[in-house]
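Residue numbers 121 to 629, in the numbering used here, belong to the letters of the sequence shown in order. Just so you know, even glycine gets a beta-carbon here, dropped at the ideal spot from N, CA and C. Model, not experiment: these values are computed from the prediction.
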Amino acid sequence: MLEEERKYEVEPRFTLPDLTPCLPSGGRIEERPAVTLTATYYDTPDLRLARSGASLRHRKGDAEPWTVKLPADAPGVRHEISRGGGPGTPPADLLALVTAYSRGADLEAAALVRTVRRAYELRDGDDRVLAEIADDAVSVLDGRKVRSRFREIEVERKGGGRKLLDRVEEVLRDAGAVAGGFTPKYVRALGDAAAGPPDLVRAGELPRKPRAGEVVTVAIRKGIERILTHDPLVRLRAPVGDNDTAVHQMRVGCRRLRSDLKTFGPLVDTGWAKPLRDELGWVAGLLGGARDAEVMRARLRRTASADPLSPPDEASVARIDAELAARHEEALVALEEGLRTDRYAKLVDSLISAARQPHLTPLARERAVDVLPKLVSRPWHTFALGAKGVDGATDLDPYAPDEQWHAVRINGKRARYAVEAVAGVLGGAAPELAKALAGVQDLLGEHQDAATAAETWLSIALSDPDDHSLAVTAGRLFERERQAIRTVRAEFPEAWRKAAKPRMTAWLP
């Protein structure tokens, strides 16, 4: 679950002000009994979790004493996952969730924190909890000895909106509370070492006139960040936004990084890049099974509801969905097993090192504007004109087999990634070309999804030839997918014409 809270530093003698004016009409404040919570935080010897904004603790006094907190996109928002279990050995699934930070290193007790908490629930007129105020007196312990003390106020959002938190903040600050940013207790307990930078070096801003190596370094860091950010969310099977999944985003990260390492091959050491590409391909394959099942389940819902005036048999659609759900679960289990291996932990370690310092060639010291167009030109021309038995988009046969269209799509994806990687640096028509290629890729992606779905519906029907209703339903779904393919093939020439305009590609040698 997502936890959203704000923290405030207060003096030891701070008096919590009356927060009733912050509540809606009919609201009230309910004081909870004071509790004493003793938490042991676990981390690597070099505090990799703390420096990355993650934590793993065992806290006496909680119904589920083991808790992992993982950073999310917004300040003050974290993923919180709790499990039961006795002290000493963290649950295996929680240890797995922090792999992207620990990289397989052993965790040990790093901080002992005792908190005396006085909590207050802010409720509305219907008695729903809108927010919780925690007034915490914190002691950092060294065995039985108190090493330091501090007091803080936490305001956690429950069923209320952020405007309520804004009103509470105004009252607290008027009373003398100081907005403390978002520094967790254990980071304050561990001191300066825990506040150091994370091991993952993130992509920064490029200079106005970058060198080629600076551009490829940013591309590499963006890909690695995308992979490792979504690693724990994949393990949680969490959605990302309204219409996306962590599996999809992590797979895109693997594919894009592999593509960038190939496109910008002359800028990176081959002996360094090839093992990375190989291992990324392995992980992308694990993710692919789960992602394909996700896509097919969504595709089934879309195709089955495409014509409300002629719906297919509901029971047969449910039968197909059940088969897809079983395949999805099987793929997720295989993926999770792969992510728990030493092989994957070693890859994460390699990715952290790659983000810190990519192995670049002397060519990377040249100006980006002098080097990058030529490197992007190769995947572009392969996509446009074809190579190694694969048609080019320029003369793609509308009656070619689905496999040929899929091969063109793969080349197009690499061309799109290459153009997107340099568009912000080269400017001119490059950003417009990147946008046009995204549209072309959307069409080719629709084609591939429809082709895969059509064969999937038939294969499921063939698995039970005695179920005539299933066969009829699969046949109807199959024909709807083939119509989607015919539509894509009719629309493709115009989409390609827009992308291949000379004014948008003149910068490519």
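Anyone know if the C-beta pair for Val-321 and Arg-341 falls short of 8 angstroms?
Residue mapping note: residue 321 aligns to position 201 of the sequence shown, counting from 1. Residue mapping note: residue 341 aligns to position 221 of the sequence shown, counting from 1. Their beta carbons are under 8 angstroms apart, which means Val-321 touches Arg-341 by this criterion.
Using a threshold of 8 angstroms, state whether the C-beta atoms of Val-275 and Leu-285 are closer than that.
Indexing the sequence shown from 1 puts residue 275 at position 155. Indexing the sequence shown from 1 puts residue 285 at position 165. The answer is yes: Cβ separation under 8 angstroms.
If Thr-158 and Arg-177 are in contact, beta carbons under 8 angstroms, what's the gap, nearest whole angstrom?
What you label residue 158 is simply residue 38 of the sequence shown in a count that begins at 1. What you label residue 177 is simply residue 57 of the sequence shown in a count that begins at 1. With 8 angstroms as the limit, Thr-158 and Arg-177 do not qualify as a contact, their Cβ atoms being about 10 angstroms apart.
Excluding the 5 residues flanking Pro-318 on each side, which residues of the same chain have their C-beta closer than 6 angstroms to its C-beta?
Counted from its first residue, the sequence shown places residue 318 at position 198. Taken in chain order, the residues that qualify are Arg-171, Ser-172.
How would you call Thr-235, buried or exposed, if buried means at least 16 neighbouring beta carbons within 10 angstroms?
As a working note, residue 235 is residue 115 in the sequence shown. If you draw a 10 Å sphere on the C-beta of Thr-235, you find 16 or more other C-beta atoms in it, and that means buried.
Comparing C-alpha positions only, which one of Ala-541, Ala-507, Glu-150, Gly-544 sits nearest to Asn-531?
Residue numbering aside, residue 531 sits at position 411 when the sequence shown is read from its first letter. Ranked by how close their Cα comes to the Cα of Asn-531, the residues Ala-541, Ala-507, Glu-150, Gly-544 have Ala-507 in first place.
Could you check whether the segment 450–463 touches the segment 398–406, counting it as contact only if at least three pairs of C-beta atoms, one from each stretch, sit closer than 8 angstroms?
Yes, since at least three Cβ pairs between the segment 450–463 and the segment 398–406 fall closer than 8 angstroms, the two stretches touch.
Would you call the segment 181–197 and the segment 242–261 in contact, with 3 or more CB pairs under 8 angstroms?
no
I need the straight-line Cα distance from Gly-224 to Arg-203, nearest angstrom please.
Stepping through the sequence shown from its first residue, residue 224 is reached at position 104. Stepping through the sequence shown from its first residue, residue 203 is reached at position 83. Looking at the two C-alpha atoms, the distance is approximately 20 angstroms.
Please name the residue, chosen from Ile-201, Leu-169, Pro-165, Leu-167, that lies closest to Asp-182 on a Cα-to-Cα basis.
Stepping through the sequence shown from its first residue, residue 182 is reached at position 62. Measuring from the Cα of Asp-182, the nearest candidate turns out to be Ile-201.
Buried or exposed: which applies to Val-453, given that a residue is buried once 16 or more other Cβ atoms fall within 10 Å of its Cβ?
Stepping through the sequence shown from its first residue, residue 453 is reached at position 333. It counts as exposed.
Near His-526, which residues of its chain fall below 6 angstroms by C-beta distance, leaving aside the five closest residues on each side in sequence?
For the purposes of this step, residue 526 is taken as the residue at position 406 of the sequence shown. Closer than 6 angstroms at the Cβ level, and outside the excluded window around His-526, lie Gln-568.
Pull up the DSSP beta-bridge partners for Tyr-128, would you.
The sequence position of residue 128 within the sequence shown is 8, counting from 1. DSSP, once it has assigned bridges, lists Ile-273, Ala-299 as partnering Tyr-128.
Is Ser-425 buried or exposed, if buried means 16 or more other CB atoms sit within 10 Å of its CB?
For this step, residue 425 is matched to residue 305 along the sequence shown. Ser-425 is exposed by the Cβ-count criterion.
For the 8 angstroms Cβ check, are there 3 or more pairs between the segment 427–446 and the segment 372–390?
no
Counting beta carbon pairs with one atom in the segment 528–547 and one in the segment 488–496, are three or more of them shorter than 8 angstroms?
yes
Could you check what DSSP says for Arg-357 in three-state terms: helix, strand or coil?
Position 237 of the sequence shown, counted from the start, is the residue given in the question as residue 357. If DSSP states are grouped into helix, strand and coil, Arg-357 belongs with coil.
Report buried or exposed for Gly-147, applying the criterion of at least 16 other Cβ atoms within 10 angstroms of its Cβ.
Position 27 of the sequence shown holds residue 147. Answer is buried; the Cβ neighbour count reaches 16.
Give me, in chain order, the residues of the same chain whose beta-carbon lies closer than 7 angstroms to that of Glu-155; leave out the 5 immediate sequence neighbours on both sides.
Position 35 of the sequence shown, counting from 1, holds the residue named residue 155. The sequence shown places Val at residue 155, not Glu. Within the same chain, Val-155 has close Cβ partners Gly-181, Arg-237.
What do you reckon, are the CB atoms on Leu-553 and Met-624 nearer than 8 angstroms?
Indexing the sequence shown from 1 puts residue 553 at position 433. Indexing the sequence shown from 1 puts residue 624 at position 504. Taking 8 angstroms as the Cβ cut-off, Leu-553 and Met-624 qualify as a contacting pair.
What whole-angstrom Cβ distance do Leu-407 and Met-370 have, given they're in contact under 8 angstroms?
Walking along the sequence shown from the start, residue 407 turns up at place 287. Walking along the sequence shown from the start, residue 370 turns up at place 250. With a Cβ gap of about 6 angstroms, Leu-407 and Met-370 count as contacting.
Taking all protein chains shown into account, do 16 or more other C-beta atoms lie within 10 angstroms of the C-beta of Leu-582, making it buried, or fewer, making it exposed?
Position 462 of the sequence shown, counting from 1, holds the residue named residue 582. Answer is exposed; the Cβ neighbour count stays below 16.
Check whether the Cβ atoms of Ala-309 and Ala-231 lie closer than 8 angstroms to each other.
Taking the first residue of the sequence shown as position 1, residue 309 is located at position 189. Taking the first residue of the sequence shown as position 1, residue 231 is located at position 111. Against a cut-off of 8 angstroms, the Cβ pair of Ala-231 and Ala-309 comes out as a contact.
I'd like the span of the alpha helix (DSSP H) that includes Ser-579, first residue to last.
The sequence position of residue 579 within the sequence shown is 459, counting from 1. First-last of the alpha helix (DSSP H) with Ser-579: 550–582.
Helix, strand or coil: which one does DSSP assign to Glu-523?
Mapped onto the sequence shown, residue 523 falls at position 403. Glu-523 falls in the helix class under three-state DSSP.
If you draw a straight line from the alpha carbon of Lys-555 to that of Pro-386, how long is it in whole angstroms?
Indexing the sequence shown from 1 puts residue 555 at position 435. Indexing the sequence shown from 1 puts residue 386 at position 266. If I take the Cα positions, the gap works out to 26 angstroms.
Roughly how many whole angstroms lie between the Cα atoms of Val-336 and Pro-330?
Position 216 of the sequence shown holds residue 336. Position 210 of the sequence shown holds residue 330. Rounded to the nearest angstrom, the two C-alpha atoms are 10 angstroms apart.
Measuring alpha carbon to alpha carbon, tell me which residue in Pro-518, Asp-522, Val-560, Arg-357 is nearest Ala-535.
Walking along the sequence shown from the start, residue 535 turns up at place 415. Comparing alpha-carbon positions, the option among Pro-518, Asp-522, Val-560, Arg-357 lying closest to Ala-535 turns out to be Val-560.
Report, in whole angstroms, the separation of the C-beta atoms of Ala-513 and Ala-520, which I expect to be a contact under 8 angstroms.
In the sequence shown, residue 513 corresponds to position 393, counting from 1. In the sequence shown, residue 520 corresponds to position 400, counting from 1. Rounded, the Cβ-Cβ distance is 12 angstroms, inconsistent with contact.
Should Pro-551 be listed as close to the ligand ATP, given that the test is whether its C-beta is under 7 angstroms from any heavy atom?
Only the bare structure without any ligand can be found here, which leaves the ligand ATP out of the picture.
Please state if the CB of Glu-611 and the CB of Leu-564 are separated by a distance shorter than 8 angstroms.
As a working note, residue 564 is residue 444 in the sequence shown. As a working note, residue 611 is residue 491 in the sequence shown. In terms of Cβ geometry, Leu-564 and Glu-611 do not form a close pair [threshold 8 angstroms].
In three-state DSSP terms, what is Thr-160?
Looking up residue 160 in the sequence shown gives position 40. Here Thr-160 sits in strand by DSSP.
With a threshold of 16 other CB atoms inside 10 Å of the CB of His-588, please say whether the residue is buried or exposed.
Counted from its first residue, the sequence shown places residue 588 at position 468. So His-588 ends up on the exposed side.
If distances are taken between C-alpha atoms only, which option among Lys-494, Glu-523, Lys-621 comes closest to Ala-332?
For the purposes of this step, residue 332 is taken as residue 212 along the sequence shown, with counting starting at 1. Comparing Cα positions, the closest option is Lys-494.
Within a Cβ cutoff of 7 angstroms, which residues of the same chain sit near Ala-413, ignoring the five residues on either side of it in sequence?
Here residue 413 refers to the residue found at position 293 of the sequence shown. So the qualifying residues of the chain are Leu-444, Arg-447, His-448, Ala-451.
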